[in-house]
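Chains as they are written, first to last, in our numbering: chain B, 1 to 152; chain Z, 1001 to 1239. To start, the structure under review is shown below, and the notes come after it.
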Amino acid sequence: MKEKISTLLDDELDIKSSSQAVSEIIKDKRLRERFETYQLIRDSMNNELSDATLSSQAILDAIDKEPIQIQFNKDKKLSDVIALSSPDWMTWPIAASFIAVLFVGAMITMNPLHMKSSSTVEIAQDVPNEYIEAHQMLAPTSVAFYVDKEAK
Amino acid sequence: MPRLNNNIEQTKLSLVQDRPAVYTSEHVESTPVKSVSEKIENPNRALDQVLVESAQKGDKKAFGLLVEKYHRKLGRILARMVRDQSEIEDIVQETFIKAYRALPNFRGDSAFYTWLYRIGINTAKNHLVAMGKRPRNMTEFENEDGEFEETHQVAEADNPETTLLTKEIGITVNTAIESLPEELKVAITLREIEGLSYEEIAELMDCPIGTVRSRIFRARETIAEKLKPLLSQHNNKRW
């Protein structure tokens, strides 16, 4: 693995192998130290050592305090992000749930109970008088009860 | 710290002078030898790409490897603008924090190191303005392609212990290289100082690429072992 790190540092591995090597280095502290030592040798050979930047510890401590930064892949469709890695058969229930939520929302919005009540009451103007008289005669109002009691 | 460049020139010269019969002058002349500035313009792209992508997925340790790879180089460039060691340290740290925060927006249109150095130089300029100092014209640090020139000017040290350690590391590495067998010394020198690829080194040394890979690795291991006692004294630090 150490030889792989050496080759990785020289950019002589392809992307896939580089990715695998990086994963192993990240997991293993000893490999990470080897990577750092090789880089230190490189910097020393290129006369890049300076007192100010000899150790990276302060920078790494500062980065540790930062919240994790994640990039969303713009190339991915929103549906891919929502569905993640769900199988195809999971797509229809999600779509049905979405439609159901829309339907319920529409129902609530259109419900007359949620509409503002009007302050004016419309009265039918063209009802024939016979209908009104018949209604008053049959309606069990207090007036009819009173009249009926008086008659008795 | 002893300068390696003179030694490297000697190594290159001895390589040409002592080369076996297969190393004709035509062969050496026809081999494309990159200059230092060319090497800086073409650093490890595949490794950077993998590390940046891992960091963008939320892996802080991958970003840590990028820090390890570039913090000294960045400090070296900023030392041209800022003299004070502690200020350089602060600016380098601030640069990496800014880069980390902006990492989700990094699209890879330019090399990571170019992007990082641009952040670094802007951070240094802002720092100098805030300190009431006039920033120097940054075209001094860039070549005509907008890339960054190497510099050998070092900011003055204010920490004797660190200065001593820096010197000791330099001397140890230099001594270790000198004591390497010739084929390892030539291989590591052509790779690290001249920035040649394994293929180019194999052609120049007339050996298979696998042999070049092995020689460079063995050279690094030998130097790393010589550094081990020195680094273990300061094992609370990351290198």
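Note that the Cβ used here is the ideal one computed from N, Cα and C, for glycine as well.
CA-to-CA distance, residue j to residue i, given in whole angstroms
i, j, result
"residue 1128 (chain Z)", "residue 1164 (chain Z)", "28 angstroms"
"residue 1192 (chain Z)", "residue 1198 (chain Z)", "11 angstroms"
"residue 1223 (chain Z)", "residue 94 (chain B)", "60 angstroms"
"residue 41 (chain B)", "residue 1046 (chain Z)", "20 angstroms"
"residue 9 (chain B)", "residue 1195 (chain Z)", "12 angstroms"
"residue 1053 (chain Z)", "residue 98 (chain B)", "33 angstroms"
"residue 128 (chain B)", "residue 135 (chain B)", "11 angstroms"
"residue 1177 (chain Z)", "residue 1190 (chain Z)", "12 angstroms"
"residue 1226 (chain Z)", "residue 1132 (chain Z)", "45 angstroms"
"residue 1027 (chain Z)", "residue 6 (chain B)", "Low confidence applies to residue 1027 (chain Z): its pLDDT is 36, below 50, so where it sits in the model is not reliable, and the reading given next is rough at best. Residue 1027 (chain Z) and residue 6 (chain B): Cα-Cα distance of roughly 27 angstroms."
"residue 1073 (chain Z)", "residue 1088 (chain Z)", "12 angstroms"
"residue 1110 (chain Z)", "residue 110 (chain B)", "54 angstroms"
"residue 1057 (chain Z)", "residue 1106 (chain Z)", "12 angstroms"
"residue 1203 (chain Z)", "residue 1184 (chain Z)", "15 angstroms"
"residue 1062 (chain Z)", "residue 1118 (chain Z)", "21 angstroms"
"residue 92 (chain B)", "residue 46 (chain B)", "60 angstroms"
"residue 1084 (chain Z)", "residue 1207 (chain Z)", "47 angstroms"
"residue 1122 (chain Z)", "residue 1 (chain B)", "39 angstroms"
"residue 1144 (chain Z)", "residue 1175 (chain Z)", "At residue 1144 (chain Z) the pLDDT is 41, less than 50, meaning the model places this residue with poor confidence and gives no usable figure here."
"residue 103 (chain B)", "residue 96 (chain B)", "10 angstroms"
"residue 107 (chain B)", "residue 126 (chain B)", "34 angstroms"
"residue 1205 (chain Z)", "residue 1126 (chain Z)", "48 angstroms"
"residue 4 (chain B)", "residue 1160 (chain Z)", "37 angstroms"
"residue 19 (chain B)", "residue 12 (chain B)", "12 angstroms"
"residue 70 (chain B)", "residue 1070 (chain Z)", "21 angstroms"
DSSP three-state assignment for residue i, whether helix, strand or coil
i, result
"residue 70 (chain B)", "coil"
"residue 1195 (chain Z)", "coil"
"residue 126 (chain B)", "coil"
"residue 1205 (chain Z)", "helix"
"residue 39 (chain B)", "helix"
"residue 1126 (chain Z)", "helix"
"residue 1 (chain B)", "coil"
"residue 1233 (chain Z)", "coil"
"residue 1106 (chain Z)", "coil"
"residue 1240 (chain Z)", "Nothing about residue 1240 (chain Z) can be read from this structure; chain Z reaches only from 1001 to 1239."
"residue 1090 (chain Z)", "helix"
"residue 1048 (chain Z)", "helix"
"residue 1079 (chain Z)", "coil"
"residue 1174 (chain Z)", "helix"
"residue 1058 (chain Z)", "coil"
"residue 11 (chain B)", "coil"
"residue 29 (chain B)", "helix"
"residue 55 (chain B)", "coil"
"residue 44 (chain B)", "helix"
"residue 1226 (chain Z)", "helix"
"residue 49 (chain B)", "coil"
"residue 1084 (chain Z)", "coil"
"residue 134 (chain B)", "helix"
"residue 1098 (chain Z)", "helix"
"residue 65 (chain B)", "coil"
"residue 107 (chain B)", "helix"
"residue 1132 (chain Z)", "coil"
Nearest-angstrom beta carbon gap, residue j and residue i [assumed within contact, 8 angstroms]
i, j, result
"residue 1116 (chain Z)", "residue 1055 (chain Z)", "12 angstroms between Cβ atoms; not a contact."
"residue 44 (chain B)", "residue 1170 (chain Z)", "6 angstroms"
"residue 1187 (chain Z)", "residue 1209 (chain Z)", "So it is not a contact: roughly 11 angstroms between Cβ atoms."
"residue 1066 (chain Z)", "residue 1051 (chain Z)", "5 angstroms"
"residue 15 (chain B)", "residue 1049 (chain Z)", "7 angstroms"
"residue 1124 (chain Z)", "residue 1081 (chain Z)", "5 angstroms"
"residue 1166 (chain Z)", "residue 55 (chain B)", "No, residue 1166 (chain Z) and residue 55 (chain B) are not in contact; Cβ-Cβ is about 10 angstroms, not under 8 angstroms."
"residue 1091 (chain Z)", "residue 1120 (chain Z)", "7 angstroms"
Option in the options with minimal Cα separation from residue i
i, options, result
"residue 1173 (chain Z)", "B:19, B:48, B:16 and B:17", "B:48"
"residue 1179 (chain Z)", "Z:1111, Z:1220 and Z:1205", "Z:1220"
"residue 66 (chain B)", "Z:1079, Z:1093 and Z:1053", "Z:1093"
"residue 1228 (chain Z)", "B:38, B:11 and B:69", "B:38"
"residue 1101 (chain Z)", "B:103, B:68, B:36 and B:110", "B:68"
"residue 1182 (chain Z)", "Z:1166, Z:1160, Z:1121 and Z:1218", "Z:1218"
"residue 1068 (chain Z)", "Z:1058, Z:1105 and Z:1113", "Z:1113"
"residue 1162 (chain Z)", "Z:1057, Z:1086 and Z:1059", "Z:1086"
"residue 1060 (chain Z)", "B:27, B:103 and B:46", "B:27"
Residue i CB to nearest heavy atom of the ligand FMN below 6 angstroms
i, result
"residue 1220 (chain Z)", "Inclusion of the ligand FMN in the displayed structure is not the case, the ligand content being empty and no account of it being possible."
(request) Examine the Cβ distances between the segment 54 to 66 of chain B and the segment 1090 to 1110 of chain Z and report whether three or more of them are shorter than 8 angstroms. (result) yes
(request) Would you check if the segment 27 to 34 of chain B and the segment 1200 to 1214 of chain Z touch, i.e. whether three or more CB-CB distances between them fall below 8 angstroms? (result) no
(message) Whether or not the segment 1224 to 1233 of chain Z and the segment 21 to 30 of chain B are in contact is what I'm after, with contact meaning three or more pairs of Cβ atoms, one per stretch, closer than 8 angstroms; do they touch?
(response) no
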